[in-house]
Amino acid sequence: MLGVITDKINWTSSFLLILLGSTIAIIGDYYTVFAGLLITAIATMKIMFSFEVTSERANKQSARYLMLYNTSHLIISDEELLNRLVNIQEDDNRPWASLAYPAMLQASQVLGRPTDIQLTWYEKLMAFLADSVPVR
4 MLGVITDKIN WTSSFLLILL GSTIAIIGDY YTVFAGLLIT AIATMKIMFS
54 FEVTSERANK QSARYLMLYN TSHLIISDEE LLNRLVNIQE DDNRPWASLA
104 YPAMLQASQV LGRPTDIQLT WYEKLMAFLA DSVPVR
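The sequence shown begins at 4 in the working numbering and counts up one residue at a time.
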């Protein structure tokens, strides 16, 4: 989920930078200053938070967990499985708090397990933006 939402933020902010940058010449006096400040704020946000880097790291970690899950039947001992899991967890991103419960709810729904997790409106919004499964 983190990879999806940070990738969307990166693409949206890049699009806005291009759109706003191209309209500065067209827009009049008052809006030029506002557009310039907005472009500066978006560019600063992209640099500070590095959404594209976070997205790529989250996607790679997701692939590593999936590979471990798909090959877990080939692992001989529980100790080896635990070692591989700990090795993967060392490189984990710190997830956003607003995505924690949506991720747990999505995992429960995918695994077919009942859950009593109730999401706040903000968590529902973040789950929607992260292309999560339908939430209640």
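Even glycine gets a Cβ: it sits at the ideal position worked out from N, Cα and C.
For residue i, name the three-state secondary structure that DSSP assigns.
i           : result
residue 116 : coil
residue 60  : helix
Buried or exposed, going by whether 16 or more other CB atoms sit within 10 Å of the CB of residue i?
i           : result
residue 80  : exposed
residue 121 : exposed
residue 110 : exposed
residue 69  : exposed
residue 77  : exposed
residue 88  : exposed
residue 5   : buried
residue 22  : exposed
residue 108 : buried
residue 75  : exposed
residue 66  : exposed
Please report the residue range of the alpha helix (DSSP H) in which residue i lies.
i          : result
residue 82 : 81 to 92
residue 43 : 32 to 52
residue 4  : Here residue 4 belongs to no alpha helix (DSSP H), and DSSP marks it neither H nor E.
residue 99 : No alpha helix (DSSP H) contains residue 99, which DSSP labels as neither H nor E.
Check whether the region 126 to 136 touches the region 98 to 109, counting contact only when three or more Cβ pairs, one atom from each stretch, lie closer than 8 Å. Contact holds: three or more Cβ-Cβ distances are below 8 Å.
The region 53 to 66 touching the region 6 to 22, judged by at least three CB pairs closer than 8 Å: Between the region 53 to 66 and the region 6 to 22 there are three or more inter-stretch CB-CB distances shorter than 8 Å, so the stretches are counted as touching.
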